[in-house]
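J.: Starting off with a structure, shown below.
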Amino acid sequence: MSTSLPPAFSLGPVSTLQEMLRTIAFVNRSLPFLRPTGRFDEETLEAVMMFQKINGFPVTGIVDRRTWDAIMNAFLQAYSHLAPPRTVTIFSQGAELIHPGQSSPLLRPLQDMFRALAEILEGIASTPSTGVLDEDTTANLRWLQGHSGLPQTGVLDQNTWEMLVRLFETFVSQKPVQKIDNNQKTHL
């Protein structure tokens, strides 16, 4: 598995240093926020010295190999905390349609999404994750299609998938974790 480097690594060495220190400052508030200039200026020197002091290095302001490696490691750790979570494409553009009665591993996450929505929205059945486009899942697709202005075919296509993702993001993934009262469902 290859990982792409963060954008900071496509800059020159001083700009890269400044960008890394700036990113670290988002996590470690004792470091100053730098504005990358590409010049090793007074602010950059102060940020390097502060980083060295915080990390128990001799405070020289010189970015030797040890300091550079420590800054890079701190940057990568900060970047992993600040970067948005990666997304997974489940139903990609040009994917084959899935018809009632067919099975596909793509249906399991769809059924899980419907199960989560069933706890919140009236009219959606809680479906087991079988990987089969069964009667309940087909009925849920038709419900979704009807409420989205799409033809009520019960077939999983790109437009239906997009509407399900929007509904899920609106009612489930954007909400804080909380206990759900099954008696308080939302009607669309």
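Residue numbers for the sequence shown follow this note's numbering, so the first one is 63 and each next one is one higher.
Glycine residues also receive a C-beta, built at the ideal position from the N, C-alpha and C atoms.
Check this for me: beta carbons of residue 95 and residue 140, under 8 angstroms apart or not?
T.: The residue you call residue 95 lines up with position 33 of the sequence shown. The residue you call residue 140 lines up with position 78 of the sequence shown. Cβ distance not < 8 angstroms, so residue 95 and residue 140 don't count as in contact.
J.: Taking the continuous alpha helix (DSSP H) assigned at residue 89, which residues delimit it?
T.: On the sequence shown, position 27 is the one that residue 89 refers to. For residue 89, the enclosing alpha helix (DSSP H) covers residues 75 to 89.
J.: Report the residue from 75, 126, 137 whose alpha carbon sits nearest the alpha carbon of residue 83.
T.: Position 21 of the sequence shown, counted from the first residue, corresponds to residue 83. Ranking 75, 126, 137 by Cα distance to residue 83 puts 137 first.
J.: Would you mind listing the alpha helix (DSSP H) stretches within the region 149 to 206 that are 4+ residues and don't spill past its ends, in chain order?
T.: 169 to 180
J.: Would a C-beta distance cut-off of 8 angstroms place residue 183 and residue 230 closer than the cut-off?
T.: For this step, residue 183 is matched to residue 121 along the sequence shown. For this step, residue 230 is matched to residue 168 along the sequence shown. Contact: no.
J.: Spell out a yes or no on whether the region 178 to 193 and the region 145 to 153 are touching, meaning 3 or more CB-CB pairs, one atom from each, closer than 8 angstroms.
T.: no
J.: Using a Cβ-Cβ cutoff of less than 8 angstroms, which residues in the same chain neighbour residue 65 once the five nearest sequence positions on both sides are dropped?
T.: On the sequence shown, residue 65 is found 3 positions in, with the first residue counted as 1. In this prediction, residue 65 has a pLDDT of 42, which is less than 50 and means its spatial position is unreliable; nothing more can be read from the coordinates.
J.: Counting C-beta neighbours from all protein chains within 10 Å, is the total for residue 81 16 or more, i.e. buried, or is it exposed?
T.: What you label residue 81 is simply residue 19 of the sequence shown in a count that begins at 1. Residue 81 should be labelled buried.
J.: Is the beta carbon of residue 162 less than 8 angstroms from the beta carbon of residue 200?
T.: Position 100 of the sequence shown holds residue 162. Position 138 of the sequence shown holds residue 200. Yes, they are a contact pair.
J.: Around the Cβ of residue 106, are there at least 16 other Cβ atoms within 10 angstroms (buried) or fewer (exposed)?
T.: Within the sequence shown, the letter at position 44 stands for residue 106. So residue 106 counts as buried.
J.: Pairs of beta-carbons, one from the region 110 to 130 and one from the region 167 to 174, closer than 8 angstroms: are there three or more?
T.: no
J.: Is the region 125 to 134 close to the region 150 to 167, with three or more CB pairs under 8 angstroms?
T.: Three or more beta-carbon pairs separated by less than 8 angstroms are not found between the region 125 to 134 and the region 150 to 167, which leaves the two stretches without contact.
J.: Please classify residue 155 as buried or exposed, where buried requires at least 16 neighbouring CB atoms within 10 angstroms.
T.: What you label residue 155 is simply residue 93 of the sequence shown in a count that begins at 1. With fewer than 16 other Cβ atoms within 10 Å, it is exposed.
J.: Just checking my contact of residue 204 with residue 193 at CB under 8 angstroms: how many whole Å lie between their CB atoms?
T.: Looking up residue 204 in the sequence shown gives position 142. Looking up residue 193 in the sequence shown gives position 131. Between residue 193 and residue 204 the Cβ distance is about 19 angstroms, and since that is not below 8 angstroms, they are no contact.
J.: Using only the alpha-carbon positions, how far apart do residue 212 and residue 128 sit?
T.: Counting from 1 along the sequence shown, the entry for residue 212 is found at position 150. Counting from 1 along the sequence shown, the entry for residue 128 is found at position 66. In a straight line, the C-alpha of residue 212 is about 60 angstroms away from that of residue 128.
J.: What are the start and end residues of the alpha helix (DSSP H) that includes residue 135?
T.: Along the sequence shown, one-based indexing puts residue 135 at 73. Note, residue 135: alpha helix (DSSP H), 127 to 144.
J.: Quick one: give me the first and last residue of the alpha helix (DSSP H) that residue 116 is part of.
T.: Looking up residue 116 in the sequence shown gives position 54. Where residue 116 is concerned, the enclosing alpha helix (DSSP H) stretches over 104 to 116.
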